[in-house]
Every structure is written in C-alpha cells, then in structure tokens.
Amino acid sequence: GHLKDLEIVFSVGSPVDSSQMPTSLNPLGKIPALVLENGKTLFDSRVICRYLDEMAGNRYYPKSDLYDVLTLEALADGIMDAAILMIYEVRCRDDGERSEAWVEGQWAKVVRALDRLEAEGVTGTINMGQIALGCALGYLDFRHQDRNWRENRPTLAAWFEGFSKRMSMAETVPHA
84 GHLKDLEIVF
94 SVGSPVDSSQ
104 MPTSLNPLGK
114 IPALVLENGK
124 TLFDSRVICR
134 YLDEMAGNRY
144 YPKSDLYDVL
154 TLEALADGIM
164 DAAILMIYEV
174 RCRDDGERSE
184 AWVEGQWAKV
194 VRALDRLEAE
204 GVTGTINMGQ
214 IALGCALGYL
224 DFRHQDRNWR
234 ENRPTLAAWF
244 EGFSKRMSMA
254 ETVPHA
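Numbering (my numbering), first residue to last: 84 to 259.
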C-alpha cells in the first residue's frame, strides 16, 4: 500500500565525493534518508522500510515469521553490499591499487548466498526479505551482467523472473 502525504525528494550523489552527499541528514553521507514530520531523520534502507511498514500496518514484516523475513533481508543486503563493493573497487581505485583477489572474494560471498537461496527456495507471501532480494538480484543484472548469476540456479532465476514483473519492480528498474 501507499502512504498518504509522503513527500519524496530524490538526491543523487557520488560515493567518493562527500560534498555531494546529504551529510546534514545522515552523518555517514549515505542515502536513503527519511525526514519525519517531527524533524528527526531515519537512515538506512532497513530502518526506513521497517518504519514505513509499521505506518502501513506491518504487512511486509509479519510477526508470524519475522525472523525468517529479517534473515532473508540480511542475506539480500549482504548480496547488495558485496556487489556494490565490487563496483567501488573497480571504479574508484586506480589500476595499480585494485585488488582482483578482493573483488573475487566479494563475488564468492554473493555466490554462496545465491547458492543457499537456490537450495532453500524463496516462497510464501511477499515480505521485505523478498523485496530486498528482488532489489539485490536486479542490481546484479544492472551492474554485474557478465557474472551470470542465473547459471545453475533455475529455481531462483524463475522466482526472480516472476517477481521482477511486479509493477513496483518494473517501474523502478535502473537505467545506465
């Protein structure tokens, strides 16, 4: 569901140029940040999603399987973190400073997570763990097409194929 009277302001910055990041909202200089009516700021996707879900009636963090949802969300966030760190290593470091071993170590984390998801499957009513996973897999498609995460993971690939057709996913596919 959508929350009424929610103003969204999009801000684009550089991960290496802190002057472009909203440090007045988040001292870590990271996005996203959500400014509440009382002036307080929430930051980190997990915190913001949890807050918005609570405002909307706890639909995506159901109490009945909360820890399963939180664990899936953490696994998806770990995939995203490793995938982003791979990009930073390649784009933000000079050629002589890059560590291919470090990049491959990050990819190994992604592979282990994907293999577990393939083995366990992703089932049940849509929840925040699934949303985070959909975003992480979409990011792999966007930034790591050459890695072919779908290879040997037909169950996970089929789940993502269906999930990515959701309007909320289709309308937010990133473009280069």
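For each residue, glycine too, the CB sits at the ideal point set by N, CA and C.
Being a predicted model, the structure only gives us computed values, none of them experimental.
- Around the beta-carbon of N210, 16 or more other beta-carbon atoms lie within 10 Å, marking it buried.
- For the pair T255 and L220, the Cα-to-Cα distance works out to about 13 Å.
- According to the DSSP assignment, V173 belongs to the alpha helix (DSSP H) that extends over L149 to C175.
- With respect to L158, L111 sits apart: the two C-beta atoms are not nearer than 9 Å.
- For Q228, the number of other beta carbons within 10 angstroms of its own is below 16, and it is reported as exposed.
- Spatial neighbours of A196 in its own chain (CB-CB distance under 7 Å, excluding positions within 5 residues in sequence) are listed in chain order as L158, G161 and I162.
- Here G217 really is in contact with F246; their C-beta atoms are around 5 Å apart, less than 8 Å.
- No Cβ-Cβ contact shorter than 9 Å links G204 with L153.
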